[in-house]
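To start, the structure itself, in structure tokens.
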Amino acid sequence: MPMTENIKINIKNLWFYYNDHPILEDISLEIPQNTITAVTGPSGQGKSTFLMTLNRLWESIEETRIKGHIEIRFGSDFQNIYDKRYNVSDLRRQVGMVFQVPNPLPMSIYNNIAFPLKLKGENNKTLGSFRVEDALKRSFLWDEVKDRLNEDARALSGGQQQRLCIARALVLNPQVLLLDEPTSSLDDKSGRVIEDLLLELKKDCTMILVSHYLDQVKRIADSGMVLSDRQMKQQW
Amino acid sequence: MKPEFFDRLFNYFSWGCSILLVGAVLTIVGFLIANGYQSLNLHLIFDDTRPLDAIFLKSQVFDGLFPAIAGTLFLITLSIIVAIPLGLATGIFLAEYCPPKIKGSFSLLFDILAGIPSIVVGLFGFCVTIFLHHYFYTRLFPCLLISALSLAFLVLPYIIRTTQISLETLPLSVRLTAPSLGATKLQNIFYVLLPSSLSGILSGIILSIGRCAEDTAVIMLTGAVATAGIPKSVFSSFEALPFYIYYISSQYSDNSELMKGYGACLILLFICISLFVFAHWIKKRLSQKILYRP
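These protein sequences, in sequence, are chains A and B. In case it helps, the numbering used here puts the first sequence at residues 1 to 236. In case it helps, the numbering used here puts the second sequence at residues 1001 to 1294.
So, in structure tokens, the structure goes:
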């Protein structure tokens, strides 16, 4: 069992309901800092839902509710992310998310990466462009796009689009990164590039990776759990 | 019988229906052009007044269509200016904020509103005017403003429902992108959801423009008259092309007047097409501007 000071996320007795049907039942888990935790299991068992409980994104979906307790350590103290006083936008800036299918917005590459900064109200252009460049470098995309930052992001290849989405999540320097099958829509080669990237990001981020590929999990995950029949069946 | 037979039958039937409709449209337009092209000239629009003098209001056009064209354009502009913000806001409310329990009844009400005959809306506008005239402001009569408000009321359901449906049918992946990056609900609506559903919303607005341009029943009860000149303010009565067409086709005294009616039809058709093209151009420019601004 990891020591308490290394714990980044603490999940206690988490239940999740959609239309009053339970999707997740009584999940308790501690996730250590600067690790990759894999979530595997059959399709439709609430793996994506589990990720969305960690940045409260499920709140955008109607007729859902949650029971239980999730704490994330930002700085030295644990923060109950479901505390009414806790700002959900702030939470999502600290807990970034990358989806299964790359979802670049219909705007230029630069504007995609700068979009979270704009949402936050940061208007300093020089600092902004520095951070965009930094995020693109950290996601291994800078060399491929530095000469065409003003082109439509949707013109990039699938693998590049997914790295763009990772860069967009990284531009705010999140402490936690949620990855929902980030390589499943990509070919093997592009998938490997993303895997290397995730290993590199481990020094800055705590990552939770939903994946179907057991070999991928073996390659990059430090620990993991299997979700099946709405419950956590196995932890390693 | 083989299923392929029905497949082919249905295919032919669909083709037949489409050709029939396209043929009907072409026949109407062809008929109008054949009858109207001879009277279509500057004299029809400006009578004996010099066009520039008429446009800059230096002299009045008495027997031309210029006041009716201007009246129609004023009417469309005013109605759309009133209807767009109201309709967009209501559509956004229904799609994004309305509690599910009352959404059904609200949607039903707007659908009923969409089905109200325009003459009833005109009568309603007329009654409201009489009420206001009696109790609040005796100098208020049916006028451009009342017509525009009544027309806005008539087209609001189109804008509301198209806005609502375009927003609601956006896929969840588009819906969740901005919130996952820290966007508030309002930021998500303005930066992502509205731009992504612009095409649907614009088609509702285009439909409304067409309705404002052609509707006669509403305006004949709320302020349109046969001769008024260019309206001096929104409280003046006004001329409008559809009303002119109705008036001339029911009261013409000789063939040349009837021909002027055909000319007016062509001009109305031309205005509608130009507005549609303009709206499409705006659609293209707007989405570029919203999504690609540096």
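Note that CB positions come from ideal geometry on N, CA and C, so glycine has one too.
Sequence-ordered contacts of the stretch 1141-1175 of chain B with chain A read Leu1172, Ser1173, Val1174, Arg1175 [C-beta pairs closer than 8 Å]. The DSSP-derived three-state label of Glu30(A) is strand.
In this structure, the CA atom of Leu1086(B) is about 8 Å from the CA atom of Leu1156(B).
For Ile113(A) and Val217(A), the gap between their C-alpha atoms comes out near 28 Å. In the three-state DSSP reduction, Thr35(A) falls in the coil class, being neither helix nor strand. Annotation for Asp90(A): the continuous alpha helix (DSSP H) segment containing it runs 88-94. At a beta-carbon threshold of 7 Å, none of the residues of chain A lie near Ala1226(B); the nearest stands roughly 50 Å away. With a minimum length of 4 residues, the unbroken runs of alpha helix (DSSP H) contained wholly in the stretch 1039-1110 of chain B fall at 1042-1046, 1051-1055, 1066-1092.
When CB distances to chain A are screened at a threshold of 9 Å, the residues of the stretch 1176-1187 of chain B falling below it are Leu1176, Thr1177, Ala1178, Pro1179, Ser1180, Leu1181, Gly1182, Ala1183, Thr1184, Lys1185, Gln1187, in chain order.
C-alpha of Leu178(A) to C-alpha of Ile1267(B): approximately 60 Å in a straight line. Nearest to Pro104(A) by C-alpha distance, out of Ile1033(B), Ser1196(B), Leu1057(B), His1133(B), is Ser1196(B).
Rounded to the nearest angstrom, the gap between the Cα atoms of Gly1115(B) and Leu1109(B) is 10 Å.
The shortest C-alpha to C-alpha distance from Asp147(A) to any of Thr64(A), Ile109(A), Asn123(A), Lys12(A) is the one to Ile109(A).
Exclusion of the five residues before and after Phe140(A) leaves Arg163, Val193, Leu197 as the residues of its chain whose Cβ lies within less than 7 Å of its Cβ.
Shortest Cα-Cα distance from Ile1081(B) to any of Phe1190(B), Ala1148(B), Phe1006(B) involves Ala1148(B). Put simply, the CB of Ser60(A) is near chain B, with a gap under 7 Å to one of its CB atoms. As the crow flies, the alpha-carbon of Ser157(A) is around 24 Å from that of Ile220(A).
Using a Cβ-Cβ cut-off of 7 Å, Met97(A) counts as an interface residue toward chain B, since at least one Cβ of chain B sits closer than that to its own. Sequence-ordered contacts of the stretch 1094-1121 of chain B with chain A read Pro1100 [C-beta pairs closer than 9 Å].
7 Å or more divides the Cβ of Lys47(A) from the Cβ of Ser28(A).
Burial check for Gly1023(B): the Cβ neighbour count within 10 Å stays below 16, so the residue is exposed. Membership of Leu14(A) in the beta strand (DSSP E) is indicated by the continuous run 7-18.
For the set Thr40(A), Ser223(A), Asn19(A), the Cα lying nearest the Cα of Ile66(A) is the one of Asn19(A).
Per DSSP, reduced to three states, the secondary structure at His1133(B) is helical. Assignment of beta-bridge partners to Met207(A) by DSSP yields Ile36(A), Leu177(A).
For Phe78(A), the enclosing beta strand (DSSP E) begins and ends at 77-80. Under DSSP, Gly224(A) forms a beta bridge with Ala38(A). In the three-state reduction of the DSSP assignment, Lys125(A) falls in the helix class, which pools H, G and I. Ranked by how close their Cα comes to the Cα of Leu172(A), the residues Arg138(A), Gly68(A), Glu62(A), Leu227(A) have Arg138(A) in first place. Secondary structure remark: continuous beta strand (DSSP E) runs of at least 3 residues inside the stretch 48-74 of chain A, in chain order: 64-74. The stretch 1169-1180 of chain B makes no contact with the stretch 1246-1263 of chain B; the number of CB pairs closer than 8 Å stays below 3. At a cut-off of 7 Å between beta-carbon atoms, Asn103(A) makes contact with chain B. Per DSSP, reduced to three states, the secondary structure at Gln231(A) is strand. In the assembly as shown, Leu186(A) is a buried residue. Its beta-carbon has 16 or more other beta-carbons within 10 Å. Judged by DSSP in its simplified three-state form, Ile1230(B) adopts coil rather than helix or strand.
For Val1277(B), no chain A residue has a C-beta closer than 8 Å to its own C-beta; the minimum C-beta separation is roughly 24 Å.
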